[in-house]
Amino acid sequence: MTGSPARTLLLWCPDWPVLAAEIVDGVPATGPVAVLHANRVVACSERARAEGVRRGLRKREAQGRCPQLTVVDYDPGRDTRAFEPVVAAVEELVAGVEVVRPGACAVAARGPSRYLGGEEAAAERIIEHVAQSCLVESQVGIADGVFAAGLAARAGRVVAPGGTPEFLAGLPVEALGRSALADLLRRLGVRTLGDFAALPAGDVLARFGFDGALAHRLAAGRDHRPLAVRQPPADLTVTAEHDEPIDRVDVAAFVARALAEQLHERLAGHGLACTRLGIEAVTEHGQELHRVWRHDGLLTAAAIADRVRWQLDGWLSGSSGRSGARPARPTAGIIRLRLIPDGVIAQAGLQAGLWGETGEERERAHRALSRVQGILGPEAVVTAVLGGGRSPADQVRLVPWGDERVPARPGPAPLPGEPITSGTDRAASSGRPADHGGGVVPPWPGRLPAPAPAVVLPSPLAATVHDAAGEPVVISARLAVSAPPARLVVGAGQPTEIVGWAGPWPVDERWWAPAEARRRARFQVSLAGGAALLLAVEAGQWLVEAIYD
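Here's what the structure looks like:
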């Protein structure tokens, strides 16, 4: 992309998830409050930070640092509903507001600066208006591009035109918001955005991939996508008319999902992907509502549906401001809903393939599976989602087709070849991942290393293991193996020779709850026929849990 990024004004509300909890649920933001997602702190109040609470801490450690901490679950819908009055207040002064995320919105700085008497005057006027209208503290940053404006907003700065690269140069690489990349760059000796921007672009692409190349452009003060993009053709807009006015959030969510899929299909047919989405609604009394959503990546059908649902929830439910006054809801139910792909880019991955349109088979499968769900119910079609856990069965969660694919337990998969952590350690056997500090969730202690088993049995099979003399192999309380395993018998089958084995690896879970405590040891064995199995010993009984490919 050529040319310099456009001057951008970005309004940022610090600790917005905490403020949203106060606005919607009445949780006092002046006290020690932490918002948790997947048992990790994603936002905290100023009082909580004074007590040592930081983003990325686990719940137990955060409560250990601040015993009086109030814990609130993360809710993106709540954050969006609470942010709606703030966006409406900004729109009273400037036009073309784009929601970057709940708690941050951006506009092109050229218009407000001319109308309100300069960039600094515009920033002060917007901050004052939001404070008076919504009783919400905010900060404004102005710089070249959305990325730099967001960092300038955190410092409350107005970066001079052309001074964005210099402003970014002294910031740490963590400002990129990519923890894995930042950690790697620091280990390579690259500690600031200026150091990263000085690297040759070709070498960065070859070493760090496409995402690293985008981060390299941001570090140099060159947004990979401008704030203002061309208007798409009019035929990309999708509209839904309703005879019965929509005044319930659940009905609106159903309509949003169908309309989002229709828009995504239309964009895919033109080889395009949406980066900025306009949502328009018209009520039965003719009232018009409009909002623009911006996304850092490509908006999928599910992402479009989520944003439409959140926006409709904000309009139909209304959200209380900190003053207690509720903004005016629509005068009547919604009879027309329109989605406008306000920012589109060409996506090569959506072009036609050798055997038809890319994604055509996926769409057919989606329609077929949705039809099965309509006949037999949502639970009739499920997909597996991998998450945290120690045994292969614990790591899999089945979710209905079309639902959000969220792991049941937090924790990424370990790297290939990562050793198993001993389950004898109390921290490793607590039933939860150990906290290594920082914001990255570590691998589960006691988890099996890669590769994962190909087949996980729904119910483990009873088995017996004998040594070379024909005696049963037993495991002592101190994990001593009575003799090397030599033969395996599964159920009433024939004995099979064991040609290799590894273990035992103990797992001692929920030892603090005697009724739920579970203690077992696992083995990996290879058989004479070439098969490999995952065995477990629990209460003296051998079990076959999984089969390796």
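Under the working numbering, think of the first position of the sequence shown as 1385, with each following residue one higher. The beta-carbon is built from N, C-alpha and C at its ideal position, and this holds for glycine as well. From a predicted model like this one, the values you see are computed outputs, not experimental measurements.
query: Taking C-beta to C-beta, are V1765 and R1789 nearer than 7 Å?
result: As a working note, residue 1765 is residue 381 in the sequence shown. As a working note, residue 1789 is residue 405 in the sequence shown. Going by C-beta atoms, V1765 is not nearer than 7 Å to R1789.
task: Write down every uninterrupted run of the beta strand (DSSP E) in the stretch 1390 to 1451 whose length is 3 residues or greater and which is fully enclosed by it, in chain order.
output: 1391 to 1396, 1417 to 1421, 1424 to 1428
message: I need the DSSP call for A1852, collapsed to helix, strand or coil.
response: Numbered from 1 along the sequence shown, position 468 holds the residue referred to as residue 1852. In the structure shown, A1852 sits in coil (DSSP, three-state: anything other than H, G, I, E or B).
message: Do E1668 and I1719 count as a contact pair if the criterion is CB distance below 7 Å?
response: Against the sequence shown, residue 1719 aligns to sequence position 335. Against the sequence shown, residue 1668 aligns to sequence position 284. Against a cut-off of 7 Å, the Cβ pair of E1668 and I1719 comes out as a contact.
- prompt: Are the Cβ atoms of G1525 and L1394 separated by less than 7 Å?
  reply: If you number the sequence shown from 1, residue 1525 lands on position 141. If you number the sequence shown from 1, residue 1394 lands on position 10. In this structure, L1394 lies closer than 7 Å to G1525 by Cβ.
task: Compute the Euclidean distance between the alpha carbons of R1831 and R1906, then round it to the nearest angstrom.
output: Here the question's residue 1831 lines up with position 447 in the sequence shown. Here the question's residue 1906 lines up with position 522 in the sequence shown. Each residue's alpha carbon lies about 11 Å from the other.
CA-to-CA distance, P1833 to A1916, given in whole angstroms: Taking the sequence shown and counting its residues from 1, the one referred to as residue 1916 is at position 532. Taking the sequence shown and counting its residues from 1, the one referred to as residue 1833 is at position 449. A1916 and P1833: Cα-Cα distance of roughly 14 Å.
field: Three-state class that DSSP yields for Y1458 in the structure shown
entry: Within the sequence shown, numbered from 1, the residue matching residue 1458 stands at position 74. Here Y1458 sits in coil by DSSP.
- request: Assign G1936 to one of two classes, buried (16 or more other C-beta atoms within 10 Å of its C-beta) or exposed (fewer than that).
  value: Outside the shown range of the chain (1385 to 1933) lies residue 1936, about which nothing can therefore be said.
field: Simplified DSSP state of P1833, which is helix, strand or coil
entry: Locating residue 1833 in the sequence shown gives position 449, where the first residue counts as 1. Residue state, collapsed to three classes: coil.
task: Could you check which residue in W1677, A1687, R1485, I1510 has the C-alpha nearest to that of P1496?
output: As a position in the sequence shown, residue 1496 is number 112, starting the count at 1. The shortest Cα separation from P1496 among W1677, A1687, R1485, I1510 belongs to I1510.
field: Start and end residues, alpha helix (DSSP H) containing D1908
entry: Against the sequence shown, residue 1908 aligns to sequence position 524. According to the sequence shown, residue 1908 is Gln rather than Asp. That residue, Q1908, is in no alpha helix (DSSP H); its beta strand (DSSP E) goes 1902 to 1911.
- prompt: Who are the near neighbours of P1869 in its chain, counting only those whose CB is closer than 6 Å to its CB and skipping five residues on each side?
  reply: Taking the first residue of the sequence shown as position 1, residue 1869 is located at position 485. Closer than 6 Å at the Cβ level, and outside the excluded window around P1869, lie V1849, V1857, I1882, W1885.
field: Neighbour-count burial assignment, S1522, 16 or more Cβ in a 10 Å radius
entry: Locating residue 1522 in the sequence shown gives position 138, where the first residue counts as 1. So S1522 ends up on the buried side.
- prompt: Taking just the CA atoms, how far does F1531 sit from R1438?
  reply: What you label residue 1438 is simply residue 54 of the sequence shown in a count that begins at 1. What you label residue 1531 is simply residue 147 of the sequence shown in a count that begins at 1. Whole-angstrom Cα-Cα distance: 23 Å.
- request: Please work out which residues of its chain come closer than 7 Å, Cβ to Cβ, to R1691, disregarding the five sequence neighbours upstream and downstream, and give them in chain order.
  value: Here residue 1691 refers to the residue found at position 307 when the sequence shown is read from its first residue. Correct list, in chain order: L1661, W1677.
- prompt: Is the beta carbon of A1539 less than 7 Å from the beta carbon of R1391?
  reply: Here the question's residue 1539 lines up with position 155 in the sequence shown. Here the question's residue 1391 lines up with position 7 in the sequence shown. No, they are not a contact pair.
query: Checking contacts by CB at 7 Å: is P1584 closer than that to chain D?
result: Structure shown: chain D not included; a single protein chain is present.
query: Counting only runs that start and end within the stretch 1636 to 1707, where is the beta strand (DSSP E) found for 3 or more residues in a row?
result: 1656 to 1667, 1672 to 1683
Residues that P1556 bridges to, as DSSP identifies them: Taking the sequence shown and counting its residues from 1, one reaches residue 1556 at position 172. Note: P1556 sits in a beta bridge opposite T1576.
- prompt: Are there 16 or more other CB atoms within 10 angstroms of the CB of L1572, so buried, or fewer, so exposed?
  reply: Within the sequence shown, the letter at position 188 stands for residue 1572. Per the 10 Å Cβ criterion, exposed.
task: Could you spell out the range, first to last residue, of the beta strand (DSSP E) harbouring D1595?
output: For the purposes of this step, residue 1595 is identified with residue 211 of the sequence shown, where counting begins at 1. Careful: D1595 lies outside any beta strand (DSSP E), inside the alpha helix (DSSP H) at 1585 to 1603.
message: Short of 7 Å in beta carbon distance, which residues of its chain neighbour V1783, apart from the five on each side in sequence? Order them along the chain.
response: Locating residue 1783 in the sequence shown gives position 399, where the first residue counts as 1. Cβ-Cβ distances below 7 Å link V1783 to V1766, T1767, V1769, R1789 in the same chain, with the five nearest sequence neighbours on each side left out; the list follows chain order.
query: So, are the CB atoms of V1408 and A1473 less than 7 Å apart?
result: Walking along the sequence shown from the start, residue 1408 turns up at place 24. Walking along the sequence shown from the start, residue 1473 turns up at place 89. It is not a contact, given that the beta carbons lie outside the stated cut-off.
- request: If I'm right that V1470 touches C1518 with Cβ under 8 Å, what's the distance once you round it to whole angstroms?
  value: Within the sequence shown, numbered from 1, the residue matching residue 1470 stands at position 86. Within the sequence shown, numbered from 1, the residue matching residue 1518 stands at position 134. Yes, V1470 and C1518 are in contact; Cβ-Cβ is about 5 Å, under 8 Å.
- prompt: Measuring CB to CB, does L1918 end up less than 7 Å from P1837?
  reply: Numbered from 1 along the sequence shown, position 534 holds the residue referred to as residue 1918. Numbered from 1 along the sequence shown, position 453 holds the residue referred to as residue 1837. Cβ distance < 7 Å, so L1918 and P1837 count as in contact.
query: What is the DSSP secondary structure of V1633, counted as helix, strand or coil?
result: As a first step, residue 1633 is located in the sequence shown; it is residue number 249 there, counting from the start. V1633 falls in the helix class under three-state DSSP.
task: Compute the Euclidean distance between the alpha carbons of I1630 and A1533, then round it to the nearest angstrom.
output: Working through the sequence shown from its first residue, we reach residue 1630 at position 246. Working through the sequence shown from its first residue, we reach residue 1533 at position 149. Straight-line spacing of the CA atoms in I1630 and A1533 works out to 38 Å.
message: Helix, strand or coil, according to DSSP, for Q1516 in the structure here?
response: For the purposes of this step, residue 1516 is taken as residue 132 along the sequence shown, with counting starting at 1. If DSSP states are grouped into helix, strand and coil, Q1516 belongs with the helices.
- request: Report all residues from its chain with a CB closer than 8 Å to the CB of T1414; omit the five preceding and five following residues, and keep chain order.
  value: Your numbering for residue 1414 matches position 30 in the sequence shown. For T1414, where only same-chain residues beyond five positions count, the Cβ hits under 8 Å are S1429, R1431.
Spatial distance of V1633 from E1893 (CA atoms): Along the sequence shown, read from residue 1 onward, the residue named residue 1633 stands at position 249. Along the sequence shown, read from residue 1 onward, the residue named residue 1893 stands at position 509. Those two C-alpha atoms are separated by around 42 Å.
task: Name the residue from W1785, R1562, A1777 whose alpha carbon lies nearest to the alpha carbon of A1752.
output: To locate residue 1752, count along the sequence shown from 1; it is residue 368. Ranking W1785, R1562, A1777 by Cα distance to A1752 puts W1785 first.
query: Should V1557 and L1569 be called a contact, given that it needs their Cβ atoms to be closer than 7 Å?
result: Numbered from its first residue, the sequence shown carries residue 1557 at position 173. Numbered from its first residue, the sequence shown carries residue 1569 at position 185. Yes. Within cutoff.
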